[in-house]
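Asks: Heads up: the sequence lines are chains S and W, in that order.
Residues 75 to 311 in this note's numbering are what the first sequence spells out, letter by letter.
Residues 75 to 311 in this note's numbering are what the second sequence spells out, letter by letter.
Let me give you the structure first, and then I'll get to my questions.
Protein chains: 2
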Amino acid sequence: MQPNESLHLSVDCVLFGYDDDGLKVLLINQKKDTYVHENGQPMSQLPGDLILIEEGLDEAAERVLFELTQVNGVYLKQFHAYGDPNRVKEHKDRAWLRSVRTQPDQRVITVGYLGLVSLHDHDPQPASFAGGVNWVDVNEVGPLAFDHNAILNGAIEALQTQLESHHISFELLPKKFTLSQLQALYETVLDKKFDKRNFRKNVKKMSHVVPLDEKQQGVMHKPAQLFSFNPDQIEHD
Amino acid sequence: MQPNESLHLSVDCVLFGYDDDGLKVLLINQKKDTYVHENGQPMSQLPGDLILIEEGLDEAAERVLFELTQVNGVYLKQFHAYGDPNRVKEHKDRAWLRSVRTQPDQRVITVGYLGLVSLHDHDPQPASFAGGVNWVDVNEVGPLAFDHNAILNGAIEALQTQLESHHISFELLPKKFTLSQLQALYETVLDKKFDKRNFRKNVKKMSHVVPLDEKQQGVMHKPAQLFSFNPDQIEHD
DNA sequence: GAATAAAAGTGTAATTTCAACACTTAGTGT
DNA sequence: ACACTAAGTGTTGAAATTACACTTTTATTC
């Protein structure tokens with residue numbers, strides 16, 4: 075029972091991307107064929123990395139995110155720390171850890187970050203230095219490395235709670251969006267249907283959602299009014 | 075820019091205690107007279123400690139809390155991680171750190187825990203191995219060591235948000251309580267007045283608040299009905 | 001250029017929730 | 001029995017929420 079002479083701290087980013095076909099999460103696969111499921115499928119994981127010795131937590135999360143997606147300046151907030159002493163000691167993860175870490179037996183505590191991007195506007199170009207990098211529909215995520223499924227679930231819960239209270243929906247939408255898109259986003263994230271007319275009544279009350287002098291173009295139906303949001307009026311807390 | 079070869083991880087507990095004269099937080103003073111404010115007053119801090127190498131985060135928080143208060147089994151939840159690289163590098167904290175730590179220059183990341191105790195029922199007996207241990211009214215807390223004022227503020231915010239959504243009020247009240255006590259608790263924590271009749275209407279809707287066959291005794295006025303809560307019906311999430 | 005297809009956009013009535021407000025009751029102490 | 005103190009209790013108007021269906025605007029097809 076020594077105090078922690080040497081343990082490692084990492085950040086793991088749960089980066090959600092949204093577009094018209096749903097809510098995705100960014101996962102990476104390792105190239106190493108030592109890191110596979112029993113059926114030979116490559117093991118996926120959340121993008122994460124050890125923090126540098128002089129680096130703050132938020133800073134580390136930004137760096138990791140930038141290294142993997144070239145995306146800068148997105149919404150990124152800590153949501154939970156995961157510190158089970160055995161979280162990186164499962165058999166399935168050992169071989170890979172031994173192949174990439176200088177101290178594979180080291181305990182690692184990780185801080186989970188929730189990130190949000192619109193897949194409409196900036197299409198993040200995942201730097202694939204690691205192996206494959208994929209956007210996976212949140213409902214189709216299989217078993218992940220380490221405790222990453224638990225971290226992902228934590229992030230989904232955090233996203234659901236924060237969506238309404240923290241005005242973060244706009245991080246997931248294009249700069250100009252229609253009210254139907256906004257509604258679809260709410261329905262996807264909260265897994266719940268809304269009444270169109272009532273939904274729009276509520277939006278009218280939100281002073282940070284502003285109508286533009288512009289309409290949708292090239293659609294085979296009545297073009298929708300475009301909206302934008304006024305960043306000045308958003309309270310992120 | 076090396077990965078974190080050796081950094082330290084601690085937990086800091088913001089333990090709130092409640093009784094009829096308000097909301098208190100548990101603070102410790104150091105004996106060392108090297109650790110004082112400029113006016114000579116002893117520096118106070120939140121109870122916290124480095125985690126042990128084989129110990130989970132929740133486990134560490136429980137241990138620290140037990141070591142300082144002999145209290146077991148209270149509500150204790152992680153609320154935020156603090157990882158500024160300079161959070162333990164301020165001048166005011168250096169002398170003391172040098173006197174108690176083998177590696178005083180080591181970076182320390184800390185995970186903040188929110189704890190709740192009723193000062194009515196179990197009167198925690200602070201083990202004063204450190205120096206003084208005091209319950210301080212949350213409105214009378216002066217400057218604390220490190221970034222502990224920020225951590226305390228984070229905990230107060232977390233408490234306020236969670237009070238209504240997470241059904242945690244009961245952790246702060248005696249096992250048997252009156253509706254006036256419950257209301258006073260809400261008013262203290264949320265810093266906001268409630269209408270007595272409306273408040274009681276709301277409580278009636280809470281299935282986890284159950285009336286007992288028992289009344290207050292020895293009071294100089296109409297004795298209040300006592301209530302208890304049914305732990306089975308509480309969803310902590 | 002008339003007909004069709006597809007989603008956008010819009011109002012009202014019924015219900016529920018919320019907010020404001022003041023007097024009576026049950027016990028203790030003198 | 002009288003005084004004191006906090007407990008306990010209902011009603012009304014305002015506001016918010018829910019449920020619900022038809023018309024409009026564009027692009028495409030014939």
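Virtual Cβ for every residue (Gly too), placed ideally from N, Cα, C.
With a threshold of 8 Å between beta carbons, is W:L237 in contact with chain S?
Replies: For the purposes of this step, residue 237 of chain W is taken as the residue at position 163 of the second sequence. It does not; no Cβ of chain S falls within 8 Å.
Asks: Helix, strand or coil for S:S239 per DSSP?
Replies: Taking the first sequence and counting its residues from 1, one reaches residue 239 of chain S at position 165. In the structure shown, S:S239 sits in a helix (DSSP, three-state: H, G or I).
Asks: Look up W:K289 in the DSSP assignment and say whether it is helix, strand or coil.
Replies: As a position in the second sequence, residue 289 of chain W is number 215, starting the count at 1. The answer is strand: DSSP assigns W:K289 an E or B state.
Asks: Quick one: is W:V85 buried, meaning 16 or more other Cβ sit within 10 Å of its Cβ, or exposed?
Replies: Locating residue 85 of chain W in the second sequence gives position 11, where the first residue counts as 1. Classification for W:V85: buried.
Asks: Below 6 Å CB to CB, which residues in the same chain sit around W:E245 once its five sequence neighbours on both sides are set aside?
Replies: Your numbering for residue 245 of chain W matches position 171 in the second sequence. Contacts found: Y149, L190.
Asks: Taking all protein chains shown into account, decide if W:D221 is buried (16 or more other Cβ within 10 angstroms of its Cβ) or exposed.
Replies: Here residue 221 of chain W is taken as the residue at index 147 of the second sequence, counted from 1. Buried.
Asks: Look up W:Q299 in the DSSP assignment and say whether it is helix, strand or coil.
Replies: For the purposes of this step, residue 299 of chain W is taken as residue 225 along the second sequence, with counting starting at 1. Looking at W:Q299 - three-state DSSP - the assignment turns out to be strand.
Asks: Is W:V99 helix, strand or coil when you go by DSSP?
Replies: Here residue 99 of chain W is taken as the residue at index 25 of the second sequence, counted from 1. Reduced to three states, the DSSP call for W:V99 is strand.
Asks: Within 10 angstroms of the Cβ of S:G271, are there 16 or more other Cβ atoms? Answer buried if so, exposed if not.
Replies: As a first step, residue 271 of chain S is located in the first sequence; it is residue number 197 there, counting from the start. The sequence given here has Arg at residue 271 of chain S, not Gly. S:R271 is exposed by the Cβ-count criterion.
Asks: Closer than 8 Å by beta-carbon distance: list the chain S residues that pair up with W:S152, in chain order.
Replies: Numbered from its first residue, the second sequence carries residue 152 of chain W at position 78. According to the sequence displayed, residue 152 of chain W carries Gln and not Ser. Residues of chain S passing the Cβ test: H154, A155.
Asks: Looking at S:A229: is its Cβ nearer than 8 Å to the Cβ of S:V138?
Replies: Along the first sequence, one-based indexing puts residue 229 of chain S at 155. Along the first sequence, one-based indexing puts residue 138 of chain S at 64. Result no, Cβ atoms of S:A229 and S:V138 do not sit closer than 8 Å.
Asks: Would you verify that the beta carbon of W:M127 is, or is not, closer than 8 Å to some beta carbon of chain S?
Replies: On the second sequence, residue 127 of chain W is found 53 positions in, with the first residue counted as 1. The sequence given here has Ile at residue 127 of chain W, not Met. Closer than 8 Å: yes.
Asks: So, for W:L81: in the same chain, excluding its five sequence neighbours on each side, which residues have a beta-carbon less than 6 Å away from its beta-carbon?
Replies: The residue you call residue 81 of chain W lines up with position 7 of the second sequence. Within the same chain, W:L81 has close Cβ partners R181.
Asks: In this structure, does DSSP put S:S254 in helix, strand or coil?
Replies: As a working mapping, residue 254 of chain S is identified with position 180 in the first sequence. In this structure, S:S254 counts as helix in the three-state DSSP scheme.
Asks: In the DSSP assignment, find the alpha helix (DSSP H) that holds W:G82 and state where it starts and stops.
Replies: Residue mapping note: residue 82 of chain W aligns to position 8 of the second sequence, counting from 1. Here the sequence assigns His to residue 82 of chain W, which means Gly is not the residue at that position. Taken as a continuous stretch (DSSP letters only), W:H82 belongs to no alpha helix (DSSP H), being part of the beta strand (DSSP E) at 82-93.
Asks: According to DSSP, S:T184 sits in a beta bridge with which residue or residues?
Replies: Walking along the first sequence from the start, residue 184 of chain S turns up at place 110. Bridge partners of S:T184: S:S84, S:Y156.
Asks: For W:S173, is the classification buried or exposed, using 16 other Cβ atoms within 10 angstroms of its Cβ as the cut-off for buried?
Replies: As a working mapping, residue 173 of chain W is identified with position 99 in the second sequence. It is exposed - the Cβ of W:S173 has fewer than 16 other Cβ atoms within 10 Å.
Asks: Would you decide whether W:G157 is buried or exposed? Buried here means 16 or more other CB atoms lie within 10 Å of its CB.
Replies: Numbered from 1 along the second sequence, position 83 holds the residue referred to as residue 157 of chain W. With 16 or more Cβ atoms within 10 Å of its Cβ, W:G157 is classed as buried.
Asks: By the 8 Å beta-carbon criterion, what residues does the region 166-189 of chain S contribute toward chain W?
Replies: R181, I183, V185
Asks: Classify W:N272 as helix, strand or coil using the three-state DSSP reduction.
Replies: As a position in the second sequence, residue 272 of chain W is number 198, starting the count at 1. It is helical.
Asks: Figure out for me which residue from S:P248, S:E238, S:V284, S:V99 has the closest Cα to the Cα of S:L264.
Replies: Residue mapping note: residue 264 of chain S aligns to position 190 of the first sequence, counting from 1. Ranking the options by Cα distance to S:L264, first place goes to S:E238.
Asks: Taking only the alpha-carbon atoms, compute the straight-line gap between W:F140 and W:A258 and give it to the nearest angstrom.
Replies: Here the question's residue 140 of chain W lines up with position 66 in the second sequence. Here the question's residue 258 of chain W lines up with position 184 in the second sequence. About 28 Å.
Asks: Check this for me: beta carbons of S:F301 and S:L253, under 8 Å apart or not?
Replies: On the first sequence, position 227 is the one that residue 301 of chain S refers to. On the first sequence, position 179 is the one that residue 253 of chain S refers to. Cβ atoms of S:F301 and S:L253: closer than 8 Å.
Asks: Report the rounded CA-to-CA distance for S:H44 versus S:L233, giving the unit in angstroms.
Replies: The first residue shown for chain S is 75 and the last is 311, placing residue 44 of chain S beyond what the model contains.
Asks: Taking all protein chains shown into account, do 16 or more other C-beta atoms lie within 10 angstroms of the C-beta of S:N103, making it buried, or fewer, making it exposed?
Replies: Stepping through the first sequence from its first residue, residue 103 of chain S is reached at position 29. So S:N103 counts as buried.
Asks: Determine the direct distance from the alpha carbon of W:L193 to that of W:D95, and round the result to whole angstroms.
Replies: Position 21 of the second sequence, counting from 1, holds the residue named residue 95 of chain W. Position 119 of the second sequence, counting from 1, holds the residue named residue 193 of chain W. W:D95 and W:L193: Cα-Cα distance of roughly 10 Å.
Asks: According to DSSP, simplified to helix, strand and coil, what is S:D197?
Replies: Counting from 1 along the first sequence, the entry for residue 197 of chain S is found at position 123. Three-state DSSP puts S:D197 in coil, outside helix and strand.
Asks: Grab me the residues of S:L313's own chain with a C-beta within less than 6 Å of its C-beta, minus the 5 sequence neighbours each way, in chain order.
Replies: Chain S is shown only over 75 to 311; residue 313 of chain S falls outside these bounds and no answer can be derived.
Asks: Taking the alpha-carbon positions, what's the W:D167 to S:E128 distance?
Replies: As a working mapping, residue 167 of chain W is identified with position 93 in the second sequence. As a working mapping, residue 128 of chain S is identified with position 54 in the first sequence. Those two C-alpha atoms are separated by around 19 Å.
Asks: Whose C-beta lies closer than 8 Å to the C-beta of S:L286 among residues of the same chain, with five residues either side of it excluded?
Replies: The residue given as residue 286 of chain S occupies position 212 in the first sequence. Excluding sequence neighbours, S:L286 sits near K250, Q299, L300, F301, S302.
Asks: Bridge partners of W:N208, per DSSP?
Replies: Your numbering for residue 208 of chain W matches position 134 in the second sequence. The partner list for W:N208 (beta bridge, DSSP) reads W:L101.
Asks: Tell me the DSSP bridge mates of S:S118?
Replies: Taking the first residue of the first sequence as position 1, residue 118 of chain S is located at position 44. For S:S118, which the question treats as bridged, DSSP gives the partners S:N103, S:L218.
Asks: Whole-angstrom Cβ separation of W:T184 and W:G91, contact assumed at under 8 Å?
Replies: By one-based count along the second sequence, residue 184 of chain W stands at place 110. By one-based count along the second sequence, residue 91 of chain W stands at place 17. Contact flag wrong, Cβ pair sits at about 21 Å.
Asks: Rounded to whole angstroms, what is the Cα-Cα separation between S:E136 and W:S281?
Replies: On the first sequence, residue 136 of chain S is found 62 positions in, with the first residue counted as 1. On the second sequence, residue 281 of chain W is found 207 positions in, with the first residue counted as 1. Cα to Cα, S:E136 sits roughly 44 Å from W:S281.
Asks: With 8 Å set as the bound, which would you pick, yes or no: does the beta-carbon of W:L97 sit closer than that to a beta-carbon of chain S?
Replies: Residue numbering aside, residue 97 of chain W sits at position 23 when the second sequence is read from its first letter. It does not; no Cβ of chain S falls within 8 Å.
Asks: For a quick check, are the C-beta atoms of S:V212 and S:V99 less than 8 Å apart?
Replies: Position 138 of the first sequence, counting from 1, holds the residue named residue 212 of chain S. Position 25 of the first sequence, counting from 1, holds the residue named residue 99 of chain S. Taking 8 Å as the Cβ cut-off, S:V212 and S:V99 qualify as a contacting pair.
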